[in-house]
Ligand SMILES: [Zn+2]
Ligand SMILES: [Zn+2]
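Numbering (my numbering), first residue to last: 4 to 171.
Printed below as a string of structure tokens:
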């Protein structure tokens, strides 16, 4: 997503909001057991100060995830936010600042694709669950216990009681 800040002709102190739907790349979520399920809604609040543009971004993306407990697919809207500061391409801060908050203006515009990708990836849950109390799979027959119970007898032995039994 490229935003042409020069063309906005903002004066210092002015704020502008830009909303756009962006197509992400399927590669962004490769290896994360999830995939984009539509366009990413991006809202930017851009504030022009004397020497730079402060860009606050909000993203909202429909994603298909795989539950880590029952392995079912489910849909979620992943949201997140980022902040970037667009500066002139020769700005000293680009060489000196270690963080990636600063982005160079290229012919008056700035590329936010990487910021959007990073924000999306950071907000994908590490352990996706289709629901908080997902019952998971039967360890014996593999039945998805959210869809119904099976006839397996799974013995659950309290490890503390087990220790006690050894002593008796
Ligand atoms: Zn589940
Ligand atoms: Zn079973």
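Note that the Cβ used here is the ideal one computed from N, Cα and C, for glycine as well.
Note that the structure is predicted; figures quoted are calculated from it, not measured.
In the DSSP assignment, the residues bridged to residue 7 are 112.
Here residue 67 is actually not in contact with residue 84; their C-beta atoms are around 22 Å apart, not less than 8 Å.
Annotation note: the stretch 125-153 contains no uninterrupted beta strand (DSSP E) run of length 3 or greater.
For residue 73, the CB contacts under 8 Å within the same chain, skipping 5 residues up- and downstream, are 133, 137, 138, 139, 140, 147, 148 and 149 in chain order. Closest option to residue 58, judged by alpha-carbon separation, among 124, 153 and 119: 119. Between the alpha carbons of residue 17 and residue 98 lies a gap of roughly 27 Å. Fewer than three pairs of CB atoms, one per stretch, sit closer than 8 Å, so the stretch 39-54 makes no contact with the stretch 100-114. In this structure, the CA atom of residue 44 is about 16 Å from the CA atom of residue 86. Looking from the CA of residue 89, the closest CA among 24, 53, 28 and 156 belongs to 53. By DSSP's assignment, residue 107 forms a beta bridge with 90. Remark: the C-beta of residue 141 is in contact range of ligand 2, defined as less than 7 Å to any heavy atom. Around the beta carbon of residue 37, 16 or more other beta carbons sit within 10 angstroms, so the residue counts as buried.
For residue 73, the shortest C-beta to heavy atom distance toward ligand 2 is 7 Å or greater. Residue pairing by DSSP places residue 76 opposite 69 in a beta bridge.
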